[in-house]
Structures are given as structure tokens and as C-alpha cells.
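Some notes on the structure that comes next.
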Amino acid sequence: MGQDSADSRKTLLVWGALAIVYVVWGSTYLAIMITIETIPPLLSGAVRFTTAALVLGLAVYLLKGRDAYRMTWKEAGGAALVGLLLLNGGNGMVAVAEQHISSGLAALLVASTPLWLVVFRILFRDRPRALTLVGVLIGFGGVAVLSLSGGSNAADGTGVAIILLASLSWAAGSFLASRIPMPANPFTASAVEMAAGGVGLALTATAMGERLDVTAVSARSWTALAYLILIGSLVAFTAYVWLLGNAPISLISTYAYVNPVVAVVLGALVLSEPVTGSMIAAGVVIVIGVALVVSTERRRKPEPAPETKAEPATV
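Structure (C-alpha cells):
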């Protein structure tokens, strides 16, 4: 009886954590769109990730002590590199792209990230399964249709190009995270990544001439930025890390299919973003391709434990 009760409680916790990842990560595209209404995109990311790094870093220190920060220079450098690729190149360019395209379109194109990961594996002479390659071809077919239909003018085309570069940078960071030295504690690794990404975004913003006029920032943008810091970067990340240790990866990976749907729905409801038939059709094709890749790859032989433990740092 006691075991049944414990199992039921864990099941509820798993689905609760999964719901957080589903909704929160899907909603970050909308939150970014609202944030950049009155805050420059790169500077908003710099504030978001440096603040989140400080909060997470302090929490890790209070809970785990100095030992959590024992790492080699190679491990610190590895986490910093991954942070630059994920947050400076990935999230930063998403914010820039959303100046030109809708949050829903951005989310659908970012959903192609698992397809880029397979491309990196091929470049490094790994041999994916035939069904994986079929999924990649299907997914990129959807990306091509969505890119062409979503880039109806020069501004849209610029946004689409930037978001595809963002997906490529995110995939590169995710690919390297399990193949280069990283801090053993995933929360420490994430704190280092967010610190590096935040500093990188601040430097990039300065080089691009972005300036923050605090008096011009709306309450709406401040609220959205606070949401990104506290809920998007801390709460959802904690839920994801907990899921990695308590739920099968095949279940966790379903967030890749749900996040774009949440983003499109929220963008349409809150910002009245247009949702066309071609956009829905291309998005469905991308999700089918990604689902085929993920479902095929999860049947592969499990990777060594050190690589699995490095995964939370790619969030």
C-alpha cells in the first residue's frame, strides 16, 4: 500500500514537472516578444542570464558548498563555450529574430534543432539509422516550406535566416556539451553557462550599439523579463533536471513536440499573431520529422553515464 502511494505521488510529480516544461518553455517565445517591445533584444538576454546565473550560483553554493565549484580550467572553459553557443548564439539570435517574425513561427523553426544534431553527428562520422535520416529529410522539408512561406518580405526573410542560425548554434552547443570536459555538477555547469552567455550577450549588445533606456521600458516588458528569469530560466530548468533523474527520456523528449504548439497558441491568443494554413502544415511536417528522429534514436544503445549527466547543462 505504501509503495503504491509512493508510486502514485511520483507519477503526479513527473507529470507536474513535465507540464511545467511543456508550458513554460513554450511560453518563453511569447515572453521574449513582449520583453523586446521596449528592451533591446541582446541586452534583455544579458540581463536575463546574468541574473539567473547569480541566483542559481548562489543557490548551488548554499546547498552544496564550495565543493560544487571544484572544476578544472578545461571544464570551466567547456561550460563557457557551451553557454556562448546556447545563450549568446542561440537565445540571443532568437530575440533578435523575433523583431522580424512572430513568436509562433520562431518556435516552429527552433523545433528543427534535433535535426541539426543529426547533421553534426554525420559530420563527425557517426552513422544514424535509416529512419533517423528519413526523419531529418522530412523535418528539413517542413523547415524549407516554412522558411519560404514565412519569409514573404525582406524583414521576414531576415528573421527566418537569423532563427535558423540560432537553431544551428543551439545544436552545436548541445552537441559539444556531452563531448568536451564539463563541470560534474549539472547545476554548476548551468550557472557557468548562463554567466558566460550573459557576459557574451552584454559584449555583443555593446558592439551592436544597443543601449538601455530604463525610463522607456514598460511595466509589461519588465514583467516579461522577470518571468523569463524566474520561471523560464530557473523553475523550468529545475523541473527538467529533476525529470532527467526520475522519468524516461522518451517521455521527457515529448516537450520538443509540445513547445511549438504552446508557442503558436499563446502568440495567437495574446498578441493576435497570424496563423496560416501553410504555417500549420509545415509545422506539422517538422514535428513529424523530429518525432521520427527522437523515437528512432531513443531505441539506440544507451550512451555512457558521463554523457547523460552532461545533458541538463544543454538546457
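Using full-length UniProt numbering, the letters of the sequence shown map in sequence onto residues 1 to 315.
All residues carry an ideal CB built from backbone N, CA and C; glycine is no exception.
- Rounded to whole angstroms, the Cβ separation of F49 and M194 is 4 Å, and the two are in contact under 8 Å.
- Across the structure, T132 and G104 are spaced so that their CA atoms are roughly 26 Å apart.
- Separation of F187 and G267 (C-alpha to C-alpha, rounded to the nearest whole angstrom) is 31 Å.
- When the five nearest sequence neighbours on each side are left out, the beta carbons in the same chain lying within less than 7 Å of the beta carbon of V270 are those of L30, in order along the chain.
- By the CB criterion at 8 Å, M93 and I163 fall inside the cutoff.
- Assigned with DSSP and collapsed to three states, N185 falls in coil, not helix or strand.
- In the displayed model, D67 falls within a helix according to three-state DSSP.
- For L81, the enclosing alpha helix (DSSP H) starts and ends at W73 to G83.
- F120: member of the alpha helix (DSSP H) spanning T113 to L123, first to last residue.
- The DSSP-derived three-state label of L148 is helix.
- The alpha-carbon of D7 is positioned some 40 Å away from that of A166.
- Collapsing the DSSP output to three states places I20 in a helix.
- Using a Cβ distance threshold of 8 Å, P114 and V275 do not count as a contacting pair.
- Shown here, V217 sits in coil according to DSSP, grouped into three states, outside any helix or strand.
- Ranked by Cα distance from S272, the options I34, L81, R9 and L18 are led by I34.
- Between W222 and the set L43, W15, K10 and Y22, the nearest pair of CA atoms involves L43.
- Counting of Cβ neighbours within 10 angstroms places F140 among the buried residues, the total reaching 16 or more.
- Scanning its chain for C-beta atoms nearer than 6 Å, with the 5 sequence neighbours on each side dropped, one finds around V145 the residues A282, in chain order.
- Each of G232, S295 and G197 was checked against the Cα of W25, and the nearest Cα belongs to G232.
- Here DSSP, grouped into helix, strand and coil, assigns I36 to coil.
- V235 places its beta carbon 8 Å or farther from that of A256.
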